[in-house]
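Colleague: Would you mind keeping the following structure in view while I ask a few things?
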Amino acid sequence: MLFLLDYSTFLINGFIITVEVTLIGVGLGLILGILAALGDIFGGRIIKIIVNVYVEFFRGSPLIVQLFIFYFTIPMITGIRMDVMLTAILTLALNSGAYQKGYLKGAMEAVFKDQLMAALSLGLPTWKIFLYVVVPQALRIVIPAWSNELASMGKSTTALIVIGVREFLNTGISITAQTFRPLETYAFITIVYFIWIYSMLKALDMLYNKIKIPGLEPVI
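Under this note's numbering, the first residue of the sequence shown carries the number 36, and numbering increases by one thereafter.
Listed below in structure tokens is the structure:
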């Protein structure tokens, strides 16, 4: 694998792009997931329909198809072409938000049912109950599920190759095309992915064990 040292700059840049789109995509997905969960809990009929259509589309269709829609189909219809990185992050965020909505809603409802009466007895309005009581605790009990989402999204970034994002796997494919040494190249990429994702999972597991709420089961 020593020959890969000659391509270290390309590999590092590709890995950085993979990490960036993963963290930004999941982070924005968290915001979308919270909004979708709140809309599903408190929204009217139309809001609930919009949320359900959004969730079902992004959970029920392949990520590659979603990337094609945002990078090729929508620009053909609107005449507006988005930057490839913006397309990647937007698609990953929408995809992640659809998945995160499910367990965020479950976590919010679990905390809400247990602590609603106590918060109401203090005279807090509903929006303050959710902002200061429900959401902070819900985020703590969804850490196990969030770690799974991070791992899944980290691996899903390999799909970005279809729109030309120079992520880690794409970089490896380019190196293989130049060196004709796929075994060492892909073995190295696999090892790096494993170490990265395993480290994220262990770090979030340690965080959860440190801040978990006794009596509230994690949402997975």
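We put the beta carbon where it would ideally sit given N, CA and C, even for glycine.
As the structure is a computational prediction, the values presented were derived from the model and not from experiment.
Between the beta-carbon of Q135 and the beta-carbon of G199, is there less than 8 Å?
Modeller: No; because the gap between Cβ atoms is not below 8 Å, this pair is not in contact.
Colleague: Would DSSP call I115 helix, strand or coil?
Modeller: I115 falls in the coil class under three-state DSSP.
Colleague: How many angstroms separate the CA atom of I210 from the CA atom of L195?
Modeller: Whole-angstrom Cα-Cα distance: 17 Å.
Colleague: Contact check, M117 vs I76 under 8 Å by CB: the rounded distance?
Modeller: Not quite, the Cβ-Cβ distance comes to about 32 Å (not below 8 Å), so this is no contact.
Colleague: For the alpha helix (DSSP H) containing R175, list its first residue and its last residue.
Modeller: Counting along the chain, the alpha helix (DSSP H) containing R175 begins and ends at 170–176.
Colleague: Are there 16 or more other CB atoms within 10 angstroms of the CB of I224, so buried, or fewer, so exposed?
Modeller: Its Cβ being crowded by 16 or more others within 10 Å, I224 is buried.
Colleague: Using a Cβ-Cβ cut-off of 6 Å (strictly less than) and excluding sequence neighbours within five positions of I232, which residues of its own chain qualify?
Modeller: Excluding positions up to five away in sequence, the list reads A186, G189.
Colleague: Apart from the five residues on each side of it in sequence, which residues of its chain come closer than 7 Å, Cβ to Cβ, to M36?
Modeller: Same-chain partners within the cutoff: E219, F223.
Colleague: Once the 5 residues before and after G60 are set aside, which same chain residues still bring their CB inside 7 Å of it?
Modeller: Excluding residues within five positions, the ones whose Cβ falls inside 7 Å are I124, L127, A128, S131, M188.
Colleague: Over what stretch of residues does the alpha helix (DSSP H) that includes S43 continue unbroken?
Modeller: Looking at the DSSP string, the run of the alpha helix (DSSP H) that includes S43 is 43–77.
Colleague: For the 8 Å Cβ check, are there 3 or more pairs between the segment 172–182 and the segment 230–249?
Modeller: As far as the Cβ criterion goes, the segment 172–182 touches the segment 230–249, which means the pair count is three or higher.
Colleague: Could you have a look at E91 and say whether DSSP puts it in helix, strand or coil?
Modeller: E91 falls in the helix class under three-state DSSP.
Colleague: Determine the direct distance from the alpha carbon of V90 to that of L236, and round the result to whole angstroms.
Modeller: Distance between the alpha carbons of L236 and V90: 25 Å.
Colleague: State yes or no: is the C-beta of T44 within less than 8 Å of the C-beta of T192?
Modeller: Against a cut-off of 8 Å, the Cβ pair of T192 and T44 comes out as no contact.
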